[in-house]
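Below is one structure, written out as structure tokens, with a few remarks after it.
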Amino acid sequence: MDLARSRAFYGELGFVENSRSNDQVVFYDLGGQVFALFPRTALAEDAGVEAAPPGSGIGFSLARNVSKESDVQRLLDRAEKAGGRITQEASSPPWGGLRGYFADPDGFAWEINWNPAIELDADGRVFFKD
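Structure, rendered in structure tokens:
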């Protein structure tokens, strides 16, 4: 993925970047959901899987944000017990918080993320703290 090209594309569609976007990731607040763009190689490294050429391998991941740091490991364990495969153990990313990845039985990548810069409301909707 060409991040600059994708950033321009979604900007032309009217998506408004969150102020936490940078040269390595772009965030869009979709009113309780977050759409994030990462370069393919960075996503593969973050998820603990091999990068593959465009059109194959990991191209996106789904993320579940949680309200408590302890929920990250609890949900990774639950996913593994249900038949998922842990691809990245829970660890602290450079921006803080805690996250880990698993692949579901069909190979789709899921990130479980606790981020102190994100707030979840009572319904689980995600909001960036300002």
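All residue numbers for the sequence shown refer to my numbering, where the first residue is -5 and numbers rise by one.
Cβ coordinates follow ideal geometry from the N, Cα and C atoms, glycine included.
Take E63, set aside five residues on each side of it, and the residues of its chain with a beta-carbon closer than 7 Å to its own are L92, W108, in chain order.
DSSP, read as helix, strand or coil, puts V66 in helix. Membership of A45 in any beta strand (DSSP E) is not indicated, and neither H nor E is assigned to it by DSSP. Here S61 is actually not in contact with Y95; their C-beta atoms are around 19 Å apart, not less than 8 Å.
The Cβ atoms of V19 and F32 sit closer than 8 Å to each other. Here DSSP, grouped into helix, strand and coil, assigns L7 to coil. Nearest Cα to I106 within the set D117, G118, N59, D124: N59.
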